[in-house]
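Numbering (full-length UniProt numbering), first residue to last: 1 to 93. Note that beta-carbon positions come from the ideal geometry of N, C-alpha and C, so glycine has one too. Please read the structure below before turning to the comments.
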Amino acid sequence: MGQENINYLLSAYFHQDWRCDANSADEIIINFKKSESPKTVEKLRDEVDNLLLLNQEIGQNFIYENDGNYNPNTDGLSVTEWFKRILQLLTEP
Numbered sequence: 001m002g003q004e005n006i007n008y009l010l011s012a013y014f015h016q017d018w019r020c021d022a023n024s025a026d027e028i029i030i031n032f033k034k035s036e037s038p039k040t041v042e043k044l045r046d047e048v049d050n051l052l053l054l055n056q057e058i059g060q061n062f063i064y065e066n067d068g069n070y071n072p073n074t075d076g077l078s079v080t081e082w083f084k085r086i087l088q089l090l091t092e093p
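Set out below in structure tokens:
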């Protein structure tokens, strides 16, 4: 499975000025969930789940390589922990 939706999330929502759109990374994910179609949210959830199933630490370069401008370390999270948080937020009703 590809990572098109992960790339879309990172490039479209975590762009250079994302902090102008929301006060936190969680808020960006919630905005994504509200703005995008249920199918897109489901595809992103599946891609993140598959990424986490690889059971490997995800490095900061992964975010940059997918055109994202966010460093989870500033919020006290590793990149892997942040993707787990994304999955949690996407799964919540």
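Note on geometry: alpha-carbon atoms of residue 86 and residue 66 lie some 16 Å from one another. When Cβ pairs closer than 8 Å are counted between the two stretches, the segment 23–31 is seen not to touch the segment 46–59, the count staying below three. Between the segment 5–22 and the segment 72–81 there are fewer than three C-beta pairs closer than 8 Å, too few to call the two in contact.
Within the segment 11–56, the complete alpha helix (DSSP H) segments at least 4 residues long are 25–35, 38–53, listed from N- to C-terminus. Contact between residue 45 and residue 80 does not hold, since the beta-carbon distance rounds to 16 Å and is not under 8 Å. At a Cβ-Cβ threshold of 8 Å, residue 26 and residue 89 count as neighbours.
The beta-carbon separation of residue 34 and residue 5, rounded to 16 Å, does not stay under the 8 Å limit for a contact. Straight-line measurement puts the Cα of residue 60 at about 23 Å from the Cα of residue 41. Straight across, the Cα-Cα distance linking residue 55 with residue 2 is about 17 Å.
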